[in-house]
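Residue numbering for the sequence shown follows my numbering, beginning at 4 and increasing consecutively.
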Amino acid sequence: MHSSNVSTHGMAVAPHHLASQSALAILREGGSAIEAMVAAAAAIAVVYPHMNGLGGDGFWLIVPPEGDPIAIDASGAAGSLATLEAYAGQRHIPHRGPQAALTVAGTVSGWDEALRISRDLTGRALPVARLLADAIGYAEDGIPVTASQAHATASKLEELRHQPGFSETWLVAGEAPRPGSRFRQPALAGTLRMLASDGLDSFYRGPLAERLAQGMAALGMPITLGDLQAHRARRPGPLTLQHQQGTLWNLAPPTQGLVSLAILGITDRLNMADADDAQTVHRIVEATKRAFALRDAHITDPRHLDVDVQALLTPEALQPLADSIDDASASPWGRGKGPGDTVWMGVVDDSGLAVSFIQSIYHEFGSGVVLPDTGIVWQNRGAAFSLDPQHLLALAPGKQPFHTLNPAAARLNDGRVMVYGSMGGDGQPQTQAALFTRYILQGVPLQESISRPRWLLGRTWGQSSDSLKLEGRFAPPVSLACASWGTT
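Okay, structure coming up:
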């Protein structure tokens, strides 16, 4: 069994140890948690490249030691050429290829916006070149290939090998790289060097932006230089849930932050502290169904919302949903939104400043398209749009797609601040709910809360089933009880 780590001077959590080390190095040099997160975000884009990158989107929750959190929406909108007419004759937007690479990549703008916030909060700043130094070194000198990257490359090889730039970037002698072998990304190193010298804004306005736009035009992507120049990260007010244990926050639309908060708001009315494992699963699954229904009915580009999403998190809105849950019977279930390939990371510094951050290119390797001479694989988040003009998520130029991404944070009644999150599309809010319930409500030690068996309502990678999936590590009585209640 793993044990929890404890520190008095700051901590960093990431899916890859090199990203964590990059963050910790910045903290040791006196940098803020935000600066450390930018270093980690750049590093993880290099060392975990099948799951995220500069061609993706990002979302931030920055929690100062005192006061309200600051949210950053660094997600891009559909390009000006991404019209319904451009996809005429197709039933849905392709998941791979240049037509899938239809939204501006926002994550670098989020790094830039976060650093502005860091300067405002601390009155000082480390050079951007220092924050990107580790990432540049990892890209230029090479990193050992993870088992995850090797498996993803091999499993997606036939699907993606003919996409522009894919084979040249991700294959070695025409084959997937072996785990542990050295993997270099010289073109990406060059792009990072340009950002270090010209500034992060050059991704959208400058010579790098012009290079990106030229590559997009050559590949037939529906994004233009004007689309890059028009992009800005936003600071929307975060969604808030008043919970018995404290105040919880998550991102507003176009993310599914509503789902994560609604699940915990519903279960807050169900005495989860005394629930056994089977009851915990059943109640969270039932709350998830109701939260997903809210999401699917309302969540879209914030400029197209038909409701006040914050109003869906009031006691008056949540109590009827909790009352509708039957401990002995499951309610019907439709379909989830599907998988997402994502990284969540958390950093806290010795001042108490905490950051919850998530960065993604949607599917493994995103669209599969790597822009010429940049090493940047572009996301396929635009595949979340619908080609039905009447649909809530109907494609339109300048419109933001729906996002499963949602970094979470809480300030508990006892004064502790908690930043938490996960990868996994539909699974993100469910994993958040499981962790919060076990650790905060049921008093399970933190590492054990993380390590205990999990479940997923909805689809996961490579599967079409939307039914409930329980890990085999659950004790048989838990599975039997859920089956007897029809929890599917």
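Ideal placement from N, C-alpha and C gives every residue a C-beta, glycine not left out.
Being a predicted model, the structure only gives us computed values, none of them experimental.
Please name the residue or residues paired with residue i in a DSSP beta bridge.
{"i": "K472", "result": "L459"}
{"i": "S252", "result": "Sequence check: residue 252 is Trp here, not Ser. In the DSSP output, where bridge partners are listed per residue, W252 has T243 and A412."}
{"i": "I453", "result": "Bridge partners of I453: none, in fact."}
{"i": "G223", "result": "DSSP, once it has assigned bridges, lists no residue as partnering G223."}
{"i": "P147", "result": "R185"}
{"i": "A103", "result": "Its beta-bridge partners do not exist; DSSP assigns none."}
{"i": "E178", "result": "V175"}
{"i": "A81", "result": "T106"}
{"i": "A89", "result": "DSSP, once it has assigned bridges, lists no residue as partnering A89."}
{"i": "V312", "result": "None, per the DSSP bridge assignment."}
{"i": "S389", "result": "A397"}
{"i": "R94", "result": "R94 is not bridged to any residue."}
Identify the continuous alpha helix (DSSP H) that holds residue i and give its terminal residues.
{"i": "A197", "result": "Strictly speaking, residue 197 in this sequence is Met, with Ala absent from that position. Looking at the DSSP string, the run of the alpha helix (DSSP H) that includes M197 is P189 to D201."}
{"i": "A46", "result": "A36 to V50"}
{"i": "D115", "result": "T110 to T125"}
{"i": "L134", "result": "V131 to D144"}
{"i": "I535", "result": "Beyond the ends of the chain as shown, which are 4 and 491, falls residue 535; an answer cannot be given."}
{"i": "I443", "result": "Segment: none, I443 is in no alpha helix (DSSP H) and carries neither H nor E."}
{"i": "V493", "result": "No information on residue 493 is available, as it lies outside the stretch 4 to 491 that the chain covers here."}
{"i": "H20", "result": "H20 to R31"}
{"i": "F405", "result": "F405 -> no alpha helix (DSSP H), and no H or E assigned at all."}
{"i": "T172", "result": "F169 to W173"}
Taking just the CA atoms, how far does residue j sit from residue i?
{"i": "A117", "j": "I37", "result": "7 Å"}
{"i": "M348", "j": "V41", "result": "11 Å"}
{"i": "Q93", "j": "A81", "result": "17 Å"}
{"i": "A413", "j": "G145", "result": "37 Å"}
{"i": "D376", "j": "A221", "result": "12 Å"}
{"i": "R133", "j": "A357", "result": "21 Å"}
{"i": "F62", "j": "G240", "result": "12 Å"}
{"i": "D201", "j": "W114", "result": "14 Å"}
{"i": "A498", "j": "S332", "result": "There is no way to answer for residue 498, as the model of the chain reaches only from 4 to 491."}
{"i": "P392", "j": "G385", "result": "15 Å"}
{"i": "R238", "j": "G223", "result": "31 Å"}
{"i": "L244", "j": "L264", "result": "6 Å"}
{"i": "V312", "j": "V148", "result": "42 Å"}
{"i": "L297", "j": "V262", "result": "8 Å"}
{"i": "D299", "j": "G424", "result": "21 Å"}
{"i": "L471", "j": "G446", "result": "26 Å"}
{"i": "L273", "j": "V175", "result": "54 Å"}
{"i": "L459", "j": "L129", "result": "41 Å"}
{"i": "Q403", "j": "D230", "result": "13 Å"}
{"i": "M219", "j": "F388", "result": "20 Å"}
{"i": "L105", "j": "P167", "result": "15 Å"}
{"i": "L308", "j": "G79", "result": "17 Å"}
{"i": "L396", "j": "H95", "result": "12 Å"}
{"i": "A314", "j": "L242", "result": "10 Å"}
{"i": "Y51", "j": "D329", "result": "42 Å"}
{"i": "W173", "j": "Q152", "result": "10 Å"}
{"i": "A437", "j": "P305", "result": "28 Å"}
I need the boundaries of the beta strand (DSSP E) containing residue i, first residue and last residue.
{"i": "A3", "result": "In the structure displayed, the chain extends from 4 to 491; residue 3 sits before or after that span and is not available."}
{"i": "D230", "result": "Element bounds for D230: not the beta strand (DSSP E) but the alpha helix (DSSP H), L228 to A233."}
{"i": "L422", "result": "Checking the displayed sequence, the identity of residue 422 turns out to be Val instead of Leu. That run of the beta strand (DSSP E) goes V420 to Y423."}
{"i": "F62", "result": "D60 to V66"}
{"i": "A15", "result": "G13 to V16"}
What I want to know is whether the C-beta of residue i ends up closer than 7 Å to one or more non-hydrogen atoms of the ligand MN.
{"i": "L251", "result": "Questions concerning the ligand MN fall outside what the structure shown contains, since it holds no ligand whatsoever."}
Inside the region 258–308 only - alpha helix (DSSP H) runs reaching at least 4 residues
Entirely contained in the region 258–308, the alpha helix (DSSP H) runs reaching 4 residues are, in chain order, 260–270 and 280–301.
Let me know the beta strand (DSSP E) ranges lying completely inside the region 316–368, each 3 residues or longer, listed in chain order.
Taken in chain order, the whole beta strand (DSSP E) runs of length 3 or more contained in the region 316–368 are 344–352 and 357–365.
Would you say the region 252–265 touches the region 275–286, given that touching needs at least three Cβ pairs under 8 Å?
The region 252–265 is not in contact with the region 275–286.
Three or more C-beta pairs below 8 Å linking the region 48–56 and the region 67–86:
Touching, no.
Check whether the region 119–134 touches the region 19–39, counting contact only when three or more Cβ pairs, one atom from each stretch, lie closer than 8 Å.
Enough Cβ pairs lie closer than 8 Å, so yes.
Pairing CB atoms from the region 364–373 with CB atoms from the region 152–163, are three or more of them under 8 Å?
In the pairwise beta carbon analysis, the region 364–373 is classified as touching the region 152–163: at least three pairs are separated by under 8 Å.
Touch check for the region 396–416 and the region 61–79: three-plus C-beta pairs under 8 Å?
Segments in contact, yes.
Using 8 Å as the Cβ pair cut-off and three pairs as the minimum, do the region 312–328 and the region 268–277 touch?
In short, these stretches touch, since the Cβ pair count reaches three.
Can you confirm whether the region 8–21 touches the region 94–112 when touching is taken to mean that 3 or more C-beta pairs between the two stretches lie within less than 8 Å?
Short answer: they don't touch.
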